[in-house]
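Student:
In my numbering, the protein residues as written are 26 to 411.
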């Protein structure tokens with residue numbers, strides 16, 4: 026009984042051919058509540074002539090209004106994958122400049138970024154000096170002319186500064202020759218361990234507000250969506266919510282269906298010819314290559330040794346040798362009889378550190394934009410004349 030009354034009510038409203046409101050009593054247990062709805066029908070609607078199916082006089086079936094009747098506009102999308110969302114898109118330099126969504130599209134649909142710039146700085150690499158290393162021993166060889174394979178290390182404690190020292194007393198005959206150890210040139214040590222840091226901005230020249238940890242987006246996009254209840258005759262058409270030009274600063278756009286292959290971006294529909302790509306985030310990382318130092322150059326390091334028979338470098342009797350430069354290949358031979366070795370001392374002849382060429386501190390790795398969205402848009406409306 027309720028269904029028949031409901032159908033008759035709709036039929037009566039449809040036959041009137043005007044915009045009407047009706048209250049229908051719907052049973053809900055023992056209580057009934059009115060439900061008010063509005064239907065718009067063509068004047069003198071005829072099921073055979075009503076090609077859009079807006080309404081039928083018998084009240085048994087109601088279809089949506091046409092897109093044009095709902096105040097919208099049908100646009101041909103062809104076979105593209107852009108028909109899912111129609112939006113008003115605002116694009117600007119910074120997020121803080123974006124306006125509120127207009128009344129005709131009050132729902133925020135999307136926010137994203139474009140024109141990614143990655144700006145990190147690595148500390149400049151440097152190298153410490155190539156220092157001269159003071160030797161701490163001479164080699165006593167049991168064989169003549171330092172030809173033996175079993176040298177005796179006559180060594181001072183680590184960190185020796187060349188002052189008189191008596192590591193031990195080697196009796197005559199225990200060695201036949203002595204080879205002084207030359208000074209060494211130590212490798213340069215890298216200074217610092219560079220890490221990527223974003224450039225700073227002086228208070229008088231602040232950087233962009235969207236600059237965070239070396240990442241800067243050069244543009245910002247905001248998409249707003251309205252509702253479109255109308256129906257287009259062609260299934261390949263898209264109903265835009267309004268045929269009116271977009272508000273100032275906005276473009277009429279459609280978004281491409283996900284996922285997006287950036288190696289093969291889609292071609293925009295003819296009615297939305299301008300393509301824009303925006304992103305939600307970034308992925309990847311950067312780091313600085315470690316600092317390194319090349320071979321030492323320019324160092325002049327030379328030491329001379331003196332060796333004595335007594336344990337106090339007193340020279341009594343005469344020293345074995347005195348102020349002999351410790352150079353590669355130098356050997357002091359004492360013949361078969363030999364002498365005792367009781368102490369030694371040494372001094373710098375030349376102590377001029379060298380330098381090394383630094384390398385490294387280069388930014389390596391990649392940071393790129395992620396989660397792309399593709400919008401195809403119409404050109405913005407021309408400014409209206411004053």
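Glycine included, every Cβ here is placed at the ideal spot set by N, Cα and C.
Please confirm whether residue 279 and residue 112 have their CB atoms less than 9 Å apart.
Tutor: In this structure, residue 112 lies closer than 9 Å to residue 279 by Cβ.
Student: Counting C-beta neighbours from all protein chains within 10 Å, is the total for residue 383 16 or more, i.e. buried, or is it exposed?
Tutor: Buried, because 16 or more other Cβ atoms sit within 10 Å of the Cβ of residue 383.
Student: Since residue 256 sits in a beta bridge, which residues does DSSP pair it with?
Tutor: Its beta-bridge partners are 91.
Student: Considering only their Cβ atoms, is the gap separating residue 397 from residue 303 smaller than 9 Å?
Tutor: In this structure, residue 397 lies closer than 9 Å to residue 303 by Cβ.
Student: In this structure, does DSSP put residue 193 in helix, strand or coil?
Tutor: Three-state result, residue 193: coil.
Student: Can you give me the Cβ contacts of residue 74 inside the same chain, cut-off strictly under 7 Å, excluding the 5 residues immediately before and after it?
Tutor: Confidence in residue 74 is poor, its pLDDT being 47 and thus under 50, which makes the residue's placement too unreliable to answer from.
Student: Roughly how many angstroms lie between the CA atoms of residue 367 and residue 389, to the nearest whole one?
Tutor: Using only the alpha carbons, I get a separation of about 58 Å.
Student: Buried or exposed: residue 286, going by 16 or more other Cβ atoms within 10 Å of its Cβ?
Tutor: Residue 286 is exposed by the Cβ-count criterion.
Student: What are the start and end residues of each continuous beta strand (DSSP E) run of 3 or more residues lying completely inside the region 257-290, in chain order?
Tutor: Runs found: 262-265 and 275-280.
Student: Compare the beta carbon distance of residue 114 and residue 402 with 9 Å and say whether it is the shorter of the two.
Tutor: Yes, these two residues count as a Cβ contact at 9 Å.
Student: Closest by CA to residue 146, which one among 352, 221, 380 and 320?
Tutor: The shortest Cα separation from residue 146 among 352, 221, 380 and 320 belongs to 221.
Student: Taking the alpha-carbon positions, what's the residue 241 to residue 313 distance?
Tutor: Near 19 Å, if we compare the C-alpha coordinates of residue 313 and residue 241.
Student: Using a Cβ-Cβ cutoff of less than 6 Å, which residues in the same chain neighbour residue 319 once the five nearest sequence positions on both sides are dropped?
Tutor: Excluding sequence neighbours, residue 319 sits near 381 and 382.
Student: What distance in whole Å lies between the Cβ atoms of residue 178 and residue 164, which are believed to be in contact at a cut-off of 8 Å?
Tutor: With a Cβ gap of about 6 Å, residue 164 and residue 178 count as contacting.
Student: Could you pull the start and end residues of the beta strand (DSSP E) that residue 183 belongs to?
Tutor: No beta strand (DSSP E) holds residue 183; DSSP gives it neither H nor E.
Student: For residue 338, which residues from the same chain have a beta carbon less than 6 Å from its beta carbon, with the 5 sequence-adjacent residues on both sides left out?
Tutor: Counting only Cβ-Cβ distances below 6 Å, and skipping sequence neighbours, we find 189, 368 and 370.
Student: Starting from residue 402 and walking both ways along the beta strand (DSSP E), at which residues does that stretch end?
Tutor: Unbroken beta strand (DSSP E) run through residue 402: 388-402.
Student: Could you check the C-alpha separation between residue 317 and residue 350 for me, to the nearest Å?
Tutor: Roughly 33 Å separates the two Cα atoms.
Student: Kindly indicate which residue of 329, 121 and 340 has the alpha-carbon position closest to the one of residue 376.
Tutor: Ranking the options by Cα distance to residue 376, first place goes to 329.
Student: On the premise that residue 116 lies in contact with residue 155, defined as a C-beta separation below 8 Å, what is that separation, rounded to the nearest angstrom?
Tutor: The Cβ separation is near 57 Å, so there is no contact.
Student: Just to confirm the assignment, what range does the beta strand (DSSP E) spanning residue 376 have?
Tutor: Residue 376 -> beta strand (DSSP E) spans 368-377.
Student: For residue 116, write down the residues that DSSP places opposite it in a beta bridge.
Tutor: DSSP lists 246 as partners of residue 116.
Student: Extract the residue ranges of the beta strand (DSSP E) inside the region 314-377, only unbroken runs of 3 or more that lie entirely within it.
Tutor: 325-333, 346-350 and 368-377, all fully within the region 314-377.
Student: Quick test of the definition: if touching needs 3 or more C-beta pairs under 8 Å, does the region 340-347 touch the region 192-201?
Tutor: Taking 8 Å as the limit for Cβ pairs, the verdict is that the region 192-201 does not touch the region 340-347.
Student: Mind checking which residues open and close the beta strand (DSSP E) that includes residue 165?
Tutor: Element bounds for residue 165: 162-166.
Student: Per the contact definition of three or more C-beta pairs closer than 8 Å, is the region 245-260 in contact with the region 124-142?
Tutor: Enough Cβ pairs lie closer than 8 Å, so yes.
Student: If I'm right that residue 118 touches residue 306 with Cβ under 8 Å, what's the distance once you round it to whole angstroms?
Tutor: About 19 Å; that fails the 8 Å criterion.
Student: One question on the structure: do residue 357 and residue 216 come within less than 9 Å of each other, judged by their Cβ atoms?
Tutor: For residue 357 and residue 216, no; Cβs fall outside 9 Å.
Student: Classify residue 417: buried if its beta carbon has 16 or more other beta carbons within 10 angstroms, exposed otherwise.
Tutor: Within the shown structure, residues of the chain are numbered from 26 to 411, placing residue 417 beyond reach of any answer.
Student: Identify whether residue 130 lies in helix, strand or coil by the three-state DSSP scheme.
Tutor: The answer is helix: DSSP assigns residue 130 an H, G or I state.
Student: Since residue 157 and residue 326 are thought to touch, with beta carbons under 8 Å apart, how far apart are those beta carbons, to the nearest angstrom?
Tutor: So it is a contact: roughly 3 Å between Cβ atoms.
Student: Short check: CB of residue 101 to CB of residue 261, under 9 Å?
Tutor: It is a contact, given that the beta carbons lie within the stated cut-off.
Student: Do residue 379 and residue 324 have their C-beta atoms closer together than 9 Å?
Tutor: For residue 379 and residue 324, yes; Cβs fall inside 9 Å.
Student: Would you please state the rounded distance, in angstroms, between the beta carbons of residue 168 and residue 180? I believe it to be under 8 Å.
Tutor: Going by Cβ atoms, the distance from residue 168 to residue 180 rounds to 19 Å, so no, they are not a contact pair.
Student: Which residue's Cα is closest to the Cα of residue 148: 105, 99 and 219?
Tutor: Of the candidates 105, 99 and 219, the one whose C-alpha sits nearest the C-alpha of residue 148 is 219.
Student: So is residue 107 buried or exposed if we call it buried at 16+ other beta carbons inside 10 Å?
Tutor: Buried, because 16 or more other Cβ atoms sit within 10 Å of the Cβ of residue 107.
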